[in-house]
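Report on the following structure.
Residue numbers (this note's numbering): 77 to 334.
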């Protein structure tokens, strides 16, 4: 079994950059290829058990191999898989989202968080006819070009500047992104007020990864964006259905536009 695990790890380095799927690149001697999961635990080819602290980047919130999810997937697979048109289950889910999520008047399904934030920002830009957006320092909004700007600040500034976190991001993209400090409503309000005629949208993670919003920050952000008629986007990829069934917007009682 150990030999099989070692062979799988070797093969992964031949076909995946860094031997991984893009995150958590490990040294070769620590490489692992998983074969199954149950609950909060996953197992490699040698049967070694690990606790999974990523859980599909938050998507596997009920754990691996959940019986009811398994049964639902099998049941649906018997009736077809990937339809190009509206299906009964898609309609049921969309109606539940509209009932549950405070801001959801209509629903568009996306394949990933990267795609969802990209379309939300594009929609806001099209609606306002503007290009600049405001995001917060340290916020990750997916692998799109604006989503990976200023993830890891290089220096502490009262007015942060946009800097690419990854190679391959054009300078032109940085020029269209204004960076604000999370939980600093005064500075954020000034940035928005000074650039309001050019801003298409403000996008925020309501709960900034592990940092909770200080009292009044989200409501203040909602007030300043409403004052300047700027759409507010809440990226709830991580907080949706976790902080509350209706997401962070239900929990904090602040309703965004998208």
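The beta carbon of each residue, even a glycine, is placed where N, CA and C say it ideally should be.
With 16 other Cβ atoms within 10 Å as the buried cut-off, status of residue i
i: residue 158; result: exposed
i: residue 282; result: buried
i: residue 251; result: exposed
i: residue 310; result: buried
i: residue 287; result: exposed
i: residue 321; result: exposed
i: residue 126; result: exposed
i: residue 193; result: buried
i: residue 226; result: buried
i: residue 138; result: exposed
i: residue 177; result: buried
Continuous beta strand (DSSP E) stretch holding residue i: start and end
i: residue 245; result: Premise fails: residue 245 is in no beta strand (DSSP E) and is neither H nor E.
Per DSSP, the bridge partner or partners of residue i
i: residue 119; result: 112 and 125
i: residue 253; result: 209
i: residue 308; result: 278
i: residue 85; result: Bridge partners of residue 85: none, in fact.
i: residue 140; result: 115
i: residue 316; result: 320
Nearest neighbour of residue i, chosen from the options [CA to CA]
i: residue 114; options: 100, 97, 108 and 132; result: 132
i: residue 306; options: 253, 286 and 273; result: 273
i: residue 254; options: 219, 285, 287 and 214; result: 214
i: residue 119; options: 81, 230 and 86; result: 81
i: residue 160; options: 173, 185, 249 and 142; result: 185
i: residue 285; options: 313, 153, 317 and 301; result: 313
i: residue 102; options: 86, 279 and 116; result: 86
i: residue 210; options: 148, 91, 275 and 128; result: 275
i: residue 257; options: 109, 303, 297 and 244; result: 297
i: residue 196; options: 84, 293 and 279; result: 279
i: residue 173; options: 323, 330 and 300; result: 323
i: residue 105; options: 123, 111 and 84; result: 84
i: residue 107; options: 236, 168 and 92; result: 92
i: residue 116; options: 128, 110, 122 and 109; result: 128
i: residue 237; options: 221, 212 and 149; result: 212
Delimiting residues of the alpha helix (DSSP H) encompassing residue i
i: residue 327; result: 324-328
Counting only runs of 4+ residues fully inside the region 153-240, write out the alpha helix (DSSP H) ranges in chain order.
164-176 and 189-204
Every unbroken beta strand (DSSP E) inside the region 255-302 [3 residues or more]
275-280
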